[in-house]
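Trainee: Residue numbers (the numbering used here), protein chains in the order written: chain V, 599 to 812; chain C, 599 to 812; chain R, 599 to 812; chain W, 599 to 812. Where a beta carbon is used, it is the ideal one built from N, C-alpha and C, also for glycine. Dropping a structure here in structure tokens format, bear with me for questions.
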DNA sequence: GATGAATGAGAATTCATTCAT
DNA sequence: TATGAATGAATTCTCATTCAT
């Protein structure tokens, strides 16, 4: 598939033909799963569908994954494994609230734009969006939460409720990402600028209010 | 809708009472579906599960709904039918940006708090959150979008991108609603205040920036 | 339906509103069945289909017929009840082999042409033609057989095997009737002339051979 | 085809022998279907009935056939595949009308006599005989029609309406075949002689008449 | 490890039929 | 008699998973 940025197979340093085949098959299955999930949505998709999108035998699937759920998780984790370190690094290098917030959104939206297929495979569902945990894992909800807390402690961000702020960042990120998926949807740059200004303005307002009422 | 107060009404073995009206049975099925979806999530749930949670015969289900999907949609639409008019009215009566935004969030979060079971049934999914369109339908994405545009036109809200703003409101609303579902999660009031201040501060900041750069 | 020649309801001489309704409903069901069988074929059709083609309630069906099979048989018997007496009379009045044979075919083919819908309802099946007994009953196989024997005895027809001859007449009749059902299929008159000449020539030949070899 | 000699091959509990080849299982299913169709008739028979008559698992059926209809067609086509080439060859070698007609009937009736089980499985239906197309396919209606036309052109057969003649041959063949199925029914030889003489005498008569009236 | 046919539990759905009204 | 909702047995068919090769 067109998934250049995502490390679909993160195999140690195994060499030799055997290892190559294993890595290759795992990859083949994940690519097929990506395509199938994007097409049918997670719940309509079946293991059979994934295997059929492959040149492998059905039994072979089970040498690599126990179930549809496991492939999905692998896909999600592969996505997270690519995105989350970028997000972390970005935030850890931030020396201002603006860098912290803007870096987060820009990294996320750029990733979404560059990996539309993956995002689609993981998020698209006809009736019901994607599992709560999905976002949390992909976006590293917990990591973000602790980074937000630390940023507040370090004075980069105003003293606001970290749980709420984290939720707001994640909610904005994924909801705007959805709009980006549409044909003629906005680009990553304008999305980043909007979201950043919203959060920065919003958080200053929150502290201003707190001071006023405090 | 908000049927937690209505017991599942299992008439023991009282056949003969054809007080089993059609409306009643429809209700019974919807209640069962609510419970089953909340417990198992949409994609794990089966029609059988729903029927089993009922005292009805399997065939009876199909006198009311064609499929699992249809019950889900009925549940979602019933939720939307309760919530959306409240949201609309709230916003149409708003004479300030604060009222517009705060009314929206307060109505939404209060609803979520009061209808935890419904929200759970519709949103909870083990692997993949509720179908994309679910939110849009429940929250009335399109209605919100047009109300936001109109509020901007009327000068209630600053001139910002209405699509982004709508997405931000919806994203924040649902993501914070998720945190509210947790035990010891925040209450509707503090959620409303946080979200309102965030959006109001954020939007002023957006126009301030625009002026500065314009 | 368009079934003018077929006595769908042969009720004694019952008068009064009640009787009228009963007769009427029976008729309604038979008409619906005719249409449904012609459309779907006997085995695809269900009692539900027949009831649906009616303004009656499903339970009402069972006041008139026990099953799909029973309606089919009623339809077939109504057809037979119209056709067979005509055939019998025709043959009993015959004073020559030609009249006997030609009368049989002409009556049959005319009936088929005039009652295409009924013929279709009874004969049409996607995969498997119509039950052996169907023909036998409609055409009055046994009656024909005994009439054929009697015609041979009376010297109207040559002395040939009556069982074979009966089968031949019936086989030709129904198979040619099939071709008549097709758009631009042959008309009853030419079908009758062909079949008659075939049987008459065939039977003389059979006796000629018998004499030669005897 | 003619598999009455082949026992259903129920290997007791001998799992492990993967000598169960695909071809073997297909055969097992077809044999079971033959038996079930002959017993219950096409429309009463269910896929379950066929599977039950087998030592296979229910899912296995669907590895070989998509539906009851498909097995039926396979059975019918297998019958046709055996019979039709014989019929064709017979007719193509015919150097006289008698050979043409007699060869056709003799081949057909001998086949029916020798393959009573198949014929039964395909033709027997409680209420409605075998699907219309069944005969045409088994007998090769279209092939027969074109062979008849060509025989007329070559002067083997008199100039009569080929459509009628084809229908007559097929009708006689199948109707007489039915009588052969009965206990103490006629044998293939006498059936062939009767049918042949009938058609030959019939067709000469038809041309004689035509000349007379022409 | 790869294969792919066999498995059989179980899901969705239909439908003839009943029966309280 | 007519109604039509309820019933639940029965059927079709799918699918994850196993396992002999």
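Taking C-alpha atoms, which residue in W/674, W/644, W/651 lies nearest to residue 666 of chain W?
Mentor: Sequence index remark: in the fourth chain, residue 666 of chain W carries index 68 (1-based). Here the closest residue by C-alpha is W/644.
Trainee: Have a look at residue 799 of chain C and residue 695 of chain C and give me their C-alpha separation to the nearest angstrom.
Mentor: Mapped onto the second chain, residue 799 of chain C falls at position 201. Mapped onto the second chain, residue 695 of chain C falls at position 97. It is roughly 11 Å from the alpha-carbon of residue 799 of chain C to the alpha-carbon of residue 695 of chain C.
Trainee: With distance defined between alpha-carbon atoms, name the residue in W/655, W/804, W/619 nearest to residue 760 of chain W.
Mentor: The residue labelled residue 760 of chain W in the question sits at position 162 within the fourth chain. Ranking W/655, W/804, W/619 by CA distance to the CA of residue 760 of chain W puts W/804 first.
Trainee: Could you compute how far the alpha carbon of residue 756 of chain R sits from the alpha carbon of residue 796 of chain R?
Mentor: The sequence position of residue 756 of chain R within the third chain is 158, counting from 1. The sequence position of residue 796 of chain R within the third chain is 198, counting from 1. For residue 756 of chain R and residue 796 of chain R, the distance between alpha carbons rounds to 14 Å.
Trainee: Please confirm whether residue 713 of chain C has its beta-carbon closer than 8 Å to some beta-carbon of chain V.
Mentor: Indexing the second chain from 1 puts residue 713 of chain C at position 115. At a cut-off of 8 Å between C-beta atoms, residue 713 of chain C does not count as an interface residue with respect to chain V.
Trainee: Please report the straight-line C-alpha distance between residue 784 of chain R and residue 748 of chain R, rounded to a whole angstrom.
Mentor: Indexing the third chain from 1 puts residue 784 of chain R at position 186. Indexing the third chain from 1 puts residue 748 of chain R at position 150. Straight-line Cα distance between these residues: approximately 31 Å.
Trainee: How about residue 707 of chain W and residue 775 of chain W: do their beta carbons lie closer than 8 Å?
Mentor: In the fourth chain, residue 707 of chain W corresponds to position 109, counting from 1. In the fourth chain, residue 775 of chain W corresponds to position 177, counting from 1. Closer than 8 Å, so yes.
Trainee: Any idea if residue 705 of chain C is buried or exposed, counting beta-carbon neighbours within 10 angstroms, 16 or more meaning buried?
Mentor: Taking the first residue of the second chain as 1, we reach residue 705 of chain C at position 107. The residue in question, residue 705 of chain C, is buried, as its Cβ has 16 or more Cβ neighbours within 10 Å.
Trainee: Just how far apart, CA to CA, sit residue 766 of chain R and residue 770 of chain W?
Mentor: Position 168 of the third chain, counted from the first residue, corresponds to residue 766 of chain R. Position 172 of the fourth chain, counted from the first residue, corresponds to residue 770 of chain W. Approximately 5 Å between the Cα atoms of the pair.
Trainee: Please report the distance separating the alpha-carbon of residue 692 of chain R from that of residue 661 of chain R.
Mentor: By 1-based counting over the third chain, the position of residue 692 of chain R is 94. By 1-based counting over the third chain, the position of residue 661 of chain R is 63. Near 43 Å, if we compare the C-alpha coordinates of residue 661 of chain R and residue 692 of chain R.
Trainee: Residues in its own chain within less than 6 Å of residue 648 of chain C by CB, not counting five upstream and five downstream?
Mentor: As a working mapping, residue 648 of chain C is identified with position 50 in the second chain. 630, 631, 634, listed in sequence order.
Trainee: For a cutoff of 8 Å on Cβ pairs, would you count residue 768 of chain W as touching chain R?
Mentor: Mapped onto the fourth chain, residue 768 of chain W falls at position 170. Yes, residue 768 of chain W lies at the interface with chain R (some Cβ there is under 8 Å from its Cβ).
Trainee: Around the Cβ of residue 722 of chain V, are there at least 16 other Cβ atoms within 10 angstroms (buried) or fewer (exposed)?
Mentor: Here residue 722 of chain V refers to the residue found at position 124 when the first chain is read from its first residue. By the neighbour-count criterion, in which 16 or more other beta carbons inside 10 Å mark a residue as buried, residue 722 of chain V falls on the buried side.
Trainee: In three-state terms, what does DSSP make of residue 683 of chain R?
Mentor: By one-based count along the third chain, residue 683 of chain R stands at place 85. Correct three-state label for residue 683 of chain R: helix.
Trainee: Determine the extent of the alpha helix (DSSP H) in which residue 661 of chain R is found, giving its start and end residues.
Mentor: Against the third chain, residue 661 of chain R aligns to sequence position 63. From DSSP, the alpha helix (DSSP H) with residue 661 of chain R extends over 656-662.
Trainee: Looking only at its own chain, which residues have a Cβ that is under 6 Å from the Cβ of residue 626 of chain W, when we skip the five neighbours before and after it?
Mentor: Counting from one through the fourth chain, the residue named residue 626 of chain W turns up at place 28. Once the five neighbours on either side are set aside, the close Cβ partners of residue 626 of chain W are 652.
Trainee: 8 Å is my cut-off, CB to CB: does residue 800 of chain V come that close to chain C?
Mentor: Mapped onto the first chain, residue 800 of chain V falls at position 202. At a cut-off of 8 Å between beta-carbon atoms, residue 800 of chain V makes contact with chain C.
Trainee: Below 8 Å on the Cβ atoms is my guess for residue 702 of chain C versus residue 739 of chain C; work out the distance and round it to an integer in Å.
Mentor: The count along the second chain starts at 1 and reaches residue 702 of chain C at position 104. The count along the second chain starts at 1 and reaches residue 739 of chain C at position 141. Their Cβ separation, rounded to whole angstroms, is 12 Å, which puts residue 702 of chain C and residue 739 of chain C out of contact at 8 Å.
Trainee: Do the CB positions of residue 778 of chain R and residue 793 of chain R come within less than 8 Å of each other?
Mentor: Counting from 1 along the third chain, the entry for residue 778 of chain R is found at position 180. Counting from 1 along the third chain, the entry for residue 793 of chain R is found at position 195. Judged by their CB atoms, residue 778 of chain R and residue 793 of chain R are not nearer to each other than the 8 Å cut-off.
Trainee: Straight-line CA distance for residue 718 of chain C to residue 780 of chain C?
Mentor: In the second chain, counting from the first residue as 1, residue 718 of chain C sits at position 120. In the second chain, counting from the first residue as 1, residue 780 of chain C sits at position 182. The alpha-carbon atoms of residue 718 of chain C and residue 780 of chain C are separated by roughly 11 Å.
Trainee: For residue 761 of chain W, decide whether its Cβ has a neighbour in chain R, counting only Cβ atoms nearer than 8 Å.
Mentor: The residue you call residue 761 of chain W lines up with position 163 of the fourth chain. By this cut-off, residue 761 of chain W is an interface position.
Trainee: Could you tell me the distance, in whole angstroms, from the CA atom of residue 684 of chain R to the CA atom of residue 668 of chain C?
Mentor: Translated into the one-based positions of the third chain, residue 684 of chain R becomes position 86. Translated into the one-based positions of the second chain, residue 668 of chain C becomes position 70. So the two alpha carbons sit approximately 56 Å from each other.
Trainee: Can the beta-carbon of residue 580 of chain V be found less than 8 Å from the beta-carbon of residue 741 of chain V?
Mentor: The displayed coordinates of chain V run from 599 to 812. Any statement about residue 580 of chain V would go beyond what the structure contains.
Trainee: Below 8 Å on the Cβ atoms is my guess for residue 596 of chain V versus residue 659 of chain V; work out the distance and round it to an integer in Å.
Mentor: With chain V represented from 599 up to 812, any question about residue 596 of chain V goes unanswered, as that position is not in the structure.
Trainee: Can you give me the Cβ contacts of residue 672 of chain W inside the same chain, cut-off strictly under 6 Å, excluding the 5 residues immediately before and after it?
Mentor: Taking the first residue of the fourth chain as 1, we reach residue 672 of chain W at position 74. For residue 672 of chain W, where only same-chain residues beyond five positions count, there are no Cβ hits under 6 Å.
Trainee: Run through DSSP, which three-state label would residue 688 of chain C get?
Mentor: Reading the second chain from its first residue, position 90 is the one you call residue 688 of chain C. Helix at residue 688 of chain C.
Trainee: Given that residue 774 of chain C touches chain V, what residues does it touch there, using C-beta distances under 8 Å?
Mentor: For the purposes of this step, residue 774 of chain C is taken as the residue at position 176 of the second chain. Ordered by position in chain V, the residues that pass the 8 Å Cβ test against residue 774 of chain C are 762, 765, 766, 769.
Trainee: Counting only Cβ pairs nearer than 8 Å, list the residues of chain V close to residue 579 of chain C.
Mentor: With chain C covering 599 to 812 only, the question about residue 579 of chain C has no answer from this structure.
Trainee: Of all the residues that make up the segment 774-791 of chain V, which are near chain C by a beta-carbon distance shorter than 8 Å?
Mentor: The segment 774-791 of chain V vs chain C, Cβ under 8 Å: 774, 776, 777, 784, 788, 789.
Trainee: Taking buried to mean at least 16 other C-beta atoms within 10 Å of its own C-beta, is residue 782 of chain V buried or exposed?
Mentor: Residue mapping note: residue 782 of chain V aligns to position 184 of the first chain, counting from 1. With fewer than 16 other Cβ atoms within 10 Å, it is exposed.
Trainee: Using the C-alpha atoms, what's the distance from residue 716 of chain R back to residue 621 of chain C?
Mentor: As a first step, residue 621 of chain C must be located in the second chain, where it is residue number 23. As a first step, residue 716 of chain R must be located in the third chain, where it is residue number 118. Cα to Cα, residue 621 of chain C sits roughly 43 Å from residue 716 of chain R.
Trainee: Please state whether the Cβ-Cβ distance between residue 737 of chain R and residue 786 of chain R is less than 8 Å.
Mentor: As a first step, residue 737 of chain R must be located in the third chain, where it is residue number 139. As a first step, residue 786 of chain R must be located in the third chain, where it is residue number 188. For residue 737 of chain R and residue 786 of chain R, no; Cβs fall outside 8 Å.
Trainee: With DSSP run on the structure shown, which of helix, strand or coil describes residue 642 of chain W?
Mentor: The count along the fourth chain starts at 1 and reaches residue 642 of chain W at position 44. Residue state, collapsed to three classes: coil.
Trainee: In whole angstroms, give me the CA-to-CA distance for residue 752 of chain V and residue 743 of chain V.
Mentor: Locating residue 752 of chain V in the first chain gives position 154, where the first residue counts as 1. Locating residue 743 of chain V in the first chain gives position 145, where the first residue counts as 1. Near 14 Å, if we compare the C-alpha coordinates of residue 743 of chain V and residue 752 of chain V.
Trainee: Answer yes or no: do residue 732 of chain W and residue 750 of chain W have a C-beta to C-beta separation smaller than 8 Å?
Mentor: Against the fourth chain, residue 732 of chain W aligns to sequence position 134. Against the fourth chain, residue 750 of chain W aligns to sequence position 152. Contact flag unset, no.
Trainee: Check this for me: beta carbons of residue 670 of chain W and residue 754 of chain W, under 8 Å apart or not?
Mentor: For the purposes of this step, residue 670 of chain W is taken as the residue at position 72 of the fourth chain. For the purposes of this step, residue 754 of chain W is taken as the residue at position 156 of the fourth chain. No, the pair does not count as a contact, with Cβ atoms beyond the cut-off.
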